[in-house]
Amino acid sequence: MRILFLADLHYSLKQYDWLVANLGDYDVGVIGGDLLDMGAGLDADVQIAIVERYLGILRHKTRLVVSSGNHDGDSRNEADESTALWLREAAAERLHVDGDSFDLGDTRITVCPWWDGQVSRSEVHALLERTDPGGRSLWIWVYHAPPRGARTSWAGKRFIGDDALRDWIDHFRPDIVLSGHIHNSPFYAEGSWYDRIGSTWVFNPGRQIGPEPSTITLDLEAMTAEWNSLDGRSIVDLRIPQS
1351 MRILFLADLH YSLKQYDWLV ANLGDYDVGV IGGDLLDMGA GLDADVQIAI
1401 VERYLGILRH KTRLVVSSGN HDGDSRNEAD ESTALWLREA AAERLHVDGD
1451 SFDLGDTRIT VCPWWDGQVS RSEVHALLER TDPGGRSLWI WVYHAPPRGA
1501 RTSWAGKRFI GDDALRDWID HFRPDIVLSG HIHNSPFYAE GSWYDRIGST
1551 WVFNPGRQIG PEPSTITLDL EAMTAEWNSL DGRSIVDLRI PQS
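For the sequence shown, this note's numbering gives the first residue as 1351, with consecutive numbering after it.
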């Protein structure tokens, strides 16, 4: 199974167009949050309407997995925390969104929403507890922010990672975590597009300018991950023993 992963499109329509042209070459496509750009000056409802149309096209190309990021909220929960209600309502056949967890063969993919406070954070914890395969499947999380301390969270001067995610990785020990959020981590010498926390591989494709997004391709048969960006191409063997 080949999975194409990218994140932080931020309403770049040319990059969405690239996805439409290329996603059909993969078994699964994953967008790891920040589909919208709340700083763009364009009304959020307009952005949502356009992105929903793209998601509808993309799910007919291949199975599509989409998590929310900090730019994607359009509603508030009972605790006044930001949520991406529009994305949950976009769920459809072959379109898996926040809160979904599903199996493809011996692989389980769990889609974690962006959390904005205690209530939404507890919902993510409950999701992980409920969907833990107990080691019976390769477990992949889609989670917008990278974990604390990982090179995928390097922001140029310091690591800016998610404390809760790091704790959940230590507790649940997923096989792979797909994140974004820190756009330039892969392009800094101190940062990287991949790292390892214990036995868990963590990835961040970064964000780049131009019509083609930076991407990571996971090949779960060859057990490799390949990063493609303006910086070139890099491959890591996922069978490397834990150090």
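For every residue, glycine included, the Cβ atom is placed at its ideal position computed from N, Cα and C.
None of these values were measured; they are calculated from a predicted model.
- Query: For glycine 1582, which of Gly1389, Thr1565, Asp1375 has the nearest alpha-carbon?
  - Reply: Thr1565
- Query: Bridge partners of leucine 1528, per DSSP?
  - Reply: Val1492, Phe1553
- Item | Pair within 8 Å by beta-carbon distance, proline 1497 and glycine 1484 | no
- Note down, in chain order, each residue of its chain lying with its Cβ closer than 7 Å to the Cβ of asparagine 1554, except the 5 sequence neighbours on either side. Pro1496, Thr1502, Ser1529, Gly1530, Ile1532, Ser1535, Pro1536, Trp1543
- In or out: glycine 1423 buried (at least 16 other Cβ within 10 Å) or exposed? buried
- Message: In whole angstroms, give me the CA-to-CA distance for leucine 1477 and leucine 1454.
- Response: 18 Å
- Item | Cβ-based burial, isoleucine 1459 [other Cβ within 10 Å; buried from 16] | buried
- Query: serine 1432 by DSSP, collapsed to three states: which one?
  - Reply: strand
- Which residues mark the beginning and the end of the beta strand (DSSP E) in which serine 1542 is found? That residue, serine 1542, is in no beta strand (DSSP E); it is neither H nor E in DSSP.
- Message: Nearest by alpha-carbon distance to isoleucine 1381: which of Ala1394, Gly1499, Phe1355, Arg1426 is it?
- Response: Phe1355
- Task: State the CB to CB distance for the pair leucine 1359 and aspartate 1375, rounded to an integer number of angstroms; the pair is presumed to be in contact (CB under 8 Å).
- Result: 18 Å between Cβ atoms; not a contact.
- Message: Just to confirm before moving on: does the CB-CB distance between tryptophan 1464 and serine 1418 stay below 8 Å?
- Response: yes
- Item | For glycine 1499, the first and last residue of its enclosing alpha helix (DSSP H) | Neither: glycine 1499 is in no alpha helix (DSSP H) and is coded neither H nor E.
- Message: Would valine 1474 and valine 1415 qualify as a contact pair, given that the criterion is a beta-carbon distance under 8 Å?
- Response: no
- Rounded to the nearest angstrom, how far is the Cβ of valine 1469 from that of asparagine 1427, given a contact under 8 Å? 6 Å
- Query: Using DSSP with H/G/I as helix, E/B as strand and the rest coil, what is valine 1415?
  - Reply: strand
- What separation, rounded to the nearest whole angstrom, lies between the Cα atoms of glycine 1449 and glycine 1389? 26 Å
- valine 1586 and threonine 1567: beta carbons closer than 8 Å? no
- Query: Is valine 1527 near tyrosine 1493, with beta carbons less than 8 Å apart?
  - Reply: yes
- Task: Kindly indicate which three-state DSSP category aspartate 1587 falls into: helix, strand or coil?
- Result: strand
- Beta carbon of aspartate 1517, beta carbon of threonine 1550: below 8 Å? no
- Where histidine 1533 falls: helix, strand or coil (DSSP): coil
- Query: Does the distance from the CB of alanine 1429 to the CB of glycine 1467 come in under 8 Å?
  - Reply: yes
- Query: For the candidate residues Pro1563, Phe1452, Phe1522, Ser1432, whose alpha-carbon lies nearest to that of serine 1362?
  - Reply: Pro1563
- Residues in its own chain within less than 7 Å of valine 1456 by CB, not counting five upstream and five downstream? A quick correction: the sequence has aspartate, not valine, at residue 1456. Hits under 7 Å: Ser1487, Leu1488.
- Is the distance from the Cβ of isoleucine 1421 to the Cβ of leucine 1445 below 8 Å? The sequence shown places histidine at residue 1421, not isoleucine. No; because the gap between Cβ atoms is not below 8 Å, this pair is not in contact.
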